[in-house]
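Since the structure comes first, as structure tokens, the remarks are kept for the end.
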Amino acid sequence: MSLNVLKSLSMTKYERLLPRVFPGVERLELRDRQNALVWSWSPANNNLSDHDEAEANPVVAWSKFGSGIERRQLPSKRLQVRAPIATREFGPIAWLTATYNTNESVPMASAPEPLRRAFADAQLFLQEDLELQTECNQLAAELSERYEELNLVYSTKDQVEYFEEGQEALLRLVHNCADYLDVGIAALICRDRGINIHNVNATEAPPEAEQLLESFATSVYDRVESQVQSVILNDDSDEDRGRLLDGRSENLLAYPILDDHGTVIGILAVAARHDMHIFSNGDRNLLEVMAKKASRIIHTHHDSLTGLMNRSGFESMLIGSLASTQSKNLQHILLHINIDQLHVINDLMGYQEGDMLIRRVAKVLKAVLRDTDIVSRIGGGEFSVLLPNCDMRQGYAVAEKLQQAIRELSVVSAQRRLDVTACAGLSIVNRDAEGIVGVMAAAEIACKAAKDQGKDRIEVFAEDNTTLVRRSEEIEWIGRVQEALRQDQFVLFCQPVVPLQDSADPPHFEILLRLLDDDGNLVPPINFLPAAERYQLMPMVDRWVIHNAMKALGACWKKLANDRSVFCINLSG
Numbered sequence: 001m002s003l004n005v006l007k008s009l010s011m012t013k014y015e016r017l018l019p020r021v022f023p024g025v026e027r028l029e030l031r032d033r034q035n036a037l038v039w040s041w042s043p044a045n046n047n048l049s050d051h052d053e054a055e056a057n058p059v060v061a062w063s064k065f066g067s068g069i070e071r072r073q074l075p076s077k078r079l080q081v082r083a084p085i086a087t088r089e090f091g092p093i094a095w096l097t098a099t100y101n102t103n104e105s106v107p108m109a110s111a112p113e114p115l116r117r118a119f120a121d122a123q124l125f126l127q128e129d130l131e132l133q134t135e136c137n138q139l140a141a142e143l144s145e146r147y148e149e150l151n152l153v154y155s156t157k158d159q160v161e162y163f164e165e166g167q168e169a170l171l172r173l174v175h176n177c178a179d180y181l182d183v184g185i186a187a188l189i190c191r192d193r194g195i196n197i198h199n200v201n202a203t204e205a206p207p208e209a210e211q212l213l214e215s216f217a218t219s220v221y222d223r224v225e226s227q228v229q230s231v232i233l234n235d236d237s238d239e240d241r242g243r244l245l246d247g248r249s250e251n252l253l254a255y256p257i258l259d260d261h262g263t264v265i266g267i268l269a270v271a272a273r274h275d276m277h278i279f280s281n282g283d284r285n286l287l288e289v290m291a292k293k294a295s296r297i298i299h300t301h302h303d304s305l306t307g308l309m310n311r312s313g314f315e316s317m318l319i320g321s322l323a324s325t326q327s328k329n330l331q332h333i334l335l336h337i338n339i340d341q342l343h344v345i346n347d348l349m350g351y352q353e354g355d356m357l358i359r360r361v362a363k364v365l366k367a368v369l370r371d372t373d374i375v376s377r378i379g380g381g382e383f384s385v386l387l388p389n390c391d392m393r394q395g396y397a398v399a400e401k402l403q404q405a406i407r408e409l410s411v412v413s414a415q416r417r418l419d420v421t422a423c424a425g426l427s428i429v430n431r432d433a434e435g436i437v438g439v440m441a442a443a444e445i446a447c448k449a450a451k452d453q454g455k456d457r458i459e460v461f462a463e464d465n466t467t468l469v470r471r472s473e474e475i476e477w478i479g480r481v482q483e484a485l486r487q488d489q490f491v492l493f494c495q496p497v498v499p500l501q502d503s504a505d506p507p508h509f510e511i512l513l514r515l516l517d518d519d520g521n522l523v524p525p526i527n528f529l530p531a532a533e534r535y536q537l538m539p540m541v542d543r544w545v546i547h548n549a550m551k552a553l554g555a556c557w558k559k560l561a562n563d564r565s566v567f568c569i570n571l572s573g
């Protein structure tokens, strides 16, 4: 760096100044600490002759000549006097040398005090210039580094749509960190989400890299998670080195990955050999930005409450599994699990207890399932599990095992204790499956059928099961009823109630409800009300009927009041 500063120094302006400072001088030179020529000047602006060049490095020792000044007599009878040029950052980096011809009458050549003043002035000029140039070079280097950092941040994608796209983005993020910081190892670890991505540079990685990665996932992770702050180790004598890295000599930088609530969900860590990289605050700031990007990527396809994959991520994985049934003729099993009476726990003990139970069930599912199984929370107390390369008999056994593990849970408060159970539905994922919507709907229908039979039940979806077929039709009607409520696709009719015998009673009418299908045809309530009643949609239907009936009757209330008409509405909710 000091040589770069010297080379960047503009000496043209000194070619008129320095000869005035050193009157009678034959030659001025600026040489670096290795005695390489950086700049020279002579009255005729000529280069050294061969003889002079040979004398540039004569075997003649320098001797002290006043404060901070040295001199020597050359074989050619010339006298050389020099003084060091220094900077605050690098110390002495060059020598300014003045050469005098002793055959000529130059009083200054043998006068220590005038020479001292001359060199003091020259040192002041040059050193101030060097300080300014050093500062400019540092600013340029910092700007270049910031530009590279901004380019790195900009090129690291954090807006993803598909699960595979998110995985690729995380891989690229870890690679970019390792590449930019020029370190041997970089890793992104989210233990609760099953994410462990690392990049190991074979040429720069420290020995026994696997052991270092294990420390990342255990002791380093625990420290970052407990303190919710970064860890940086550069000092060999740091006591944390023994606790976090088992005494290893590598330098370490680890930064927490936080969710929207400020909870640690993972770490982003890098390590380098002690002699190759000292981590700075700038490195820490960069890792902070990259950790935020990682958090955004992870949040896209993972549930914030449990850390499990969310519905979007699960559907992406299911698409790949469906493709494998076509290309490799594989069969998988899909489980839909629903915690029984979660709403009761929420009502009696509060939503915090309900959320805690959901997290505990998620932990149980991960503990029981294989590493190759894929588990997700798709909403509320519902979970989807994909069992790759599995038949129905094996899938049913897994469902029973999961139910048994859930039974061992309970929710306890000062007043009561509630046992925990769950129902499960199973469907086959094979080449005959009708897409992810059909597969997931089949498992969900089977689970709902299991719930109809009570708690802690398992049901397998089968096309020839009339109960499941009916349930499938009801689920289809649920969507149509919800759409009718949103789009006002219900229609009210007023049917007179006629007595069998003549009566003086005021006229009576009954309000009837119908649904308009997409073709404008009227659908009778027998088709859609059973599904609405089973899935707790009737209160919303009743409110729609009352609101619109009152609106219609209000438009002609004077006539109705005169007739003393009576209207009946049957409520089901």
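For the sequence shown, my numbering gives the first residue as 1, with consecutive numbering after it.
Here a beta-carbon is modelled for each residue, glycine too, at the ideal position from N, C-alpha and C.
Quantities reported herein were computed from a predicted structural model and do not represent experimental measurements.
Exercise for the section: Go ahead and label Leu610 buried or exposed: buried means 16 or more other beta carbons lie within 10 angstroms of its beta carbon, across all protein chains shown. Expected result: Absent from the model: residue 610. The displayed extent of the chain is 1 to 573, so no value can be given.
Practice task
Rounded to whole angstroms, what's the CA-CA distance from Leu308 to Val491? Just pull it up for me.
Solution key: What you label residue 308 is simply residue 308 of the sequence shown in a count that begins at 1. What you label residue 491 is simply residue 491 of the sequence shown in a count that begins at 1. Those two C-alpha atoms are separated by around 43 Å.
Practice task
Give the single residue among Ala555, Ile569, Pro506 and Leu571 whose Cα lies nearest to the Cα of Asn562.
Solution key: Locating residue 562 in the sequence shown gives position 562, where the first residue counts as 1. Comparing Cα-Cα distances from Asn562 to each of Ala555, Ile569, Pro506 and Leu571, the minimum goes to Pro506.
Problem - Same chain only: Cβ atoms within 7 Å of Ser49, ignoring 5 sequence neighbours per side - result: On the sequence shown, residue 49 is found 49 positions in, with the first residue counted as 1. Because Ser49 sits at a pLDDT of 48, beneath the cut-off of 50, its placement in the model cannot be relied upon, and the following sentence gives the value as read from the coordinates. Nothing meets the Cβ criterion.
Exercise for the section: For Met276, name the three-state secondary structure that DSSP assigns. Expected result: Taking the sequence shown and counting its residues from 1, the one referred to as residue 276 is at position 276. In the structure shown, Met276 sits in coil (DSSP, three-state: anything other than H, G, I, E or B).
Exercise for the section: May I have a chain-ordered list of the alpha helix (DSSP H) segments no shorter than 4 residues that lie completely inside the region 342-392? Expected result: 342-349 and 351-368
Practice task
Within the region 164-242, note down every full alpha helix (DSSP H) run reaching 4 residues or more, in order along the chain.
Solution key: 209-215 and 221-227
Practice task
Tell me whether the beta-carbon of Gln422 lies closer than 8 Å to the beta-carbon of Leu335.
Solution key: To locate residue 422, count along the sequence shown from 1; it is residue 422. To locate residue 335, count along the sequence shown from 1; it is residue 335. Here residue 422 turns out to be Ala, not Gln, going by the sequence shown. Result no, Cβ atoms of Ala422 and Leu335 do not sit closer than 8 Å.
Exercise for the section: Determine the contact status of Arg273 and Leu253, defining contact as a CB-CB distance below 8 Å. Expected result: Here residue 273 is taken as the residue at index 273 of the sequence shown, counted from 1. Here residue 253 is taken as the residue at index 253 of the sequence shown, counted from 1. Contact: no.
Handout entry: Sub-8 Å separation of Ile298 and Arg172 beta-carbons
Key = Here the question's residue 298 lines up with position 298 in the sequence shown. Here the question's residue 172 lines up with position 172 in the sequence shown. Contact: no.
Exercise for the section: Using a Cβ-Cβ cut-off of 8 Å, state whether Gln341 counts as contacting chain C. Expected result: Protein chains in the displayed structure number just one, and chain C is not present.
Problem - Span separating the alpha-carbon of Thr372 from that of Gly313 - result: For the purposes of this step, residue 372 is identified with residue 372 of the sequence shown, where counting begins at 1. For the purposes of this step, residue 313 is identified with residue 313 of the sequence shown, where counting begins at 1. Each residue's Cα considered, the two are about 15 Å apart.
Exercise for the section: Out of Gln127, Arg78, Phe493 and Leu181, state which residue places its alpha-carbon closest to the alpha-carbon of Phe509. Expected result: In the sequence shown, residue 509 corresponds to position 509, counting from 1. Closest option to Phe509, Cα to Cα, is Phe493.
Problem - Contacting residues, own chain, Cβ-Cβ under 6 Å from Trp477 (five flanking each side not counted) - result: Taking the sequence shown and counting its residues from 1, one reaches residue 477 at position 477. Counting only Cβ-Cβ distances below 6 Å, and skipping sequence neighbours, we find Phe528 and Ala531.
Practice task
Please go through the same chain and pick out, in chain order, the residues whose beta-carbon is closer than 6 Å to the beta-carbon of Asp303, but skip the five residues on each side of it.
Solution key: Position 303 of the sequence shown, counting from 1, holds the residue named residue 303. Closer than 6 Å at Cβ, skipping near neighbours: Asn310 and Arg377.
Practice task
Tell me whether the beta-carbon of Trp39 lies closer than 8 Å to the beta-carbon of Arg27.
Solution key: Here residue 39 refers to the residue found at position 39 of the sequence shown. Here residue 27 refers to the residue found at position 27 of the sequence shown. Not in contact: Trp39 and Arg27 (Cβ atoms no closer than 8 Å).
Practice task
Determine the closest residue to Gln482 out of Asp222, Ala446, Ile358 and Asp542, with distance taken between C-alpha atoms.
Solution key: If you number the sequence shown from 1, residue 482 lands on position 482. Of the candidates Asp222, Ala446, Ile358 and Asp542, the one whose C-alpha sits nearest the C-alpha of Gln482 is Asp542.
Problem - Sufficient close CB pairs (3 or more, under 8 Å) joining the region 288-296 to the region 339-356 - result: no
Exercise for the section: Decide if His343 is buried, meaning its Cβ has at least 16 other Cβ atoms within 10 Å, or exposed. Expected result: As a first step, residue 343 is located in the sequence shown; it is residue number 343 there, counting from the start. Exposed.
Handout entry: Range covered by the beta strand (DSSP E) that runs through Ala424
Key = Sequence index remark: in the sequence shown, residue 424 carries index 424 (1-based). Counting along the chain, the beta strand (DSSP E) containing Ala424 begins and ends at Ala422 to Val429.
Exercise for the section: Measure the beta-carbon distance from Leu402 to Leu365 and round it to whole angstroms, keeping in mind my assumption that it falls under 8 Å. Expected result: As a working note, residue 402 is residue 402 in the sequence shown. As a working note, residue 365 is residue 365 in the sequence shown. Contact holds; Cβ gap of about 6 Å.
Problem - Rounded separation between Cys177 and Pro114 - CA only - result: Within the sequence shown, numbered from 1, the residue matching residue 177 stands at position 177. Within the sequence shown, numbered from 1, the residue matching residue 114 stands at position 114. Computed Cα separation, rounded: 58 Å.
Handout entry: Nearest candidate by alpha-carbon position, reference Ala120, set Lys558, Leu258, Asp452 and Gly66
Key = The residue given as residue 120 occupies position 120 in the sequence shown. The shortest C-alpha separation from Ala120 is found at Gly66.
Handout entry: Simplified DSSP state of Lys13, which is helix, strand or coil
Key = In the sequence shown, the residue the question calls residue 13 occupies position 13. Three-state result, Lys13: coil.
Problem - DSSP beta-bridge partners of Glu459 - result: Here the question's residue 459 lines up with position 459 in the sequence shown. For Glu459, which the question treats as bridged, DSSP gives the partners Gly425.
Problem - Neighbour-count burial assignment, Thr12, 16 or more Cβ in a 10 Å radius - result: In the sequence shown, the residue the question calls residue 12 occupies position 12. Exposed, because fewer than 16 other Cβ atoms sit within 10 Å of the Cβ of Thr12.
Practice task
Take the Cβ of Ala367 as the centre, count every other Cβ of all protein chains shown within 10 Å, and call the residue buried at 16 or more, exposed below.
Solution key: For the purposes of this step, residue 367 is taken as the residue at position 367 of the sequence shown. It is exposed - the Cβ of Ala367 has fewer than 16 other Cβ atoms within 10 Å.
Practice task
Assign Ile257 to buried or exposed, taking buried as 16 or more other Cβ atoms, counted over all protein chains shown, within 10 Å of its Cβ.
Solution key: If you number the sequence shown from 1, residue 257 lands on position 257. So Ile257 ends up on the buried side.
Exercise for the section: Provide the residue(s) that pair with Met309 in DSSP beta bridges, ordered along the chain. Expected result: In the sequence shown, the residue the question calls residue 309 occupies position 309. DSSP, once it has assigned bridges, lists His302 and Ser376 as partnering Met309.
Practice task
Would you identify the three-state DSSP class for Arg116, choosing helix, strand or coil?
Solution key: Here the question's residue 116 lines up with position 116 in the sequence shown. The answer is helix: DSSP assigns Arg116 an H, G or I state.
Handout entry: Bridge-paired residues (DSSP) for Arg82
Key = Position 82 of the sequence shown, counted from the start, is the residue given in the question as residue 82. Arg82 pairs with Glu70 and Thr97.
Practice task
Evaluate the contact criterion for the region 430-437 versus the region 315-326: three or more CB pairs, one atom per stretch, below 8 Å.
Solution key: yes
Practice task
Just grab the DSSP bridge partners of Asn251 for me.
Solution key: By 1-based counting over the sequence shown, the position of residue 251 is 251. Bridge partners of Asn251: Ala272.
Exercise for the section: Express the C-alpha separation of Ala187 and Ile265 in angstroms, rounding to a whole number. Expected result: Here residue 265 corresponds to residue number 265 of the sequence shown, with the count starting at 1. Here residue 187 corresponds to residue number 187 of the sequence shown, with the count starting at 1. Taking the straight line joining both Cα atoms gives about 14 Å.
Practice task
Mind listing, in chain order, the continuous beta strand (DSSP E) runs of no fewer than 3 residues lying wholly within the region 394-425?
Solution key: 410-412 and 417-419
Exercise for the section: Might you give, ordered along the chain, the residues of its own chain that have their beta carbon closer than 6 Å to the beta carbon of Ile374, omitting 5 neighbours on each side? Expected result: The residue labelled residue 374 in the question sits at position 374 within the sequence shown. Met317 and Leu386.
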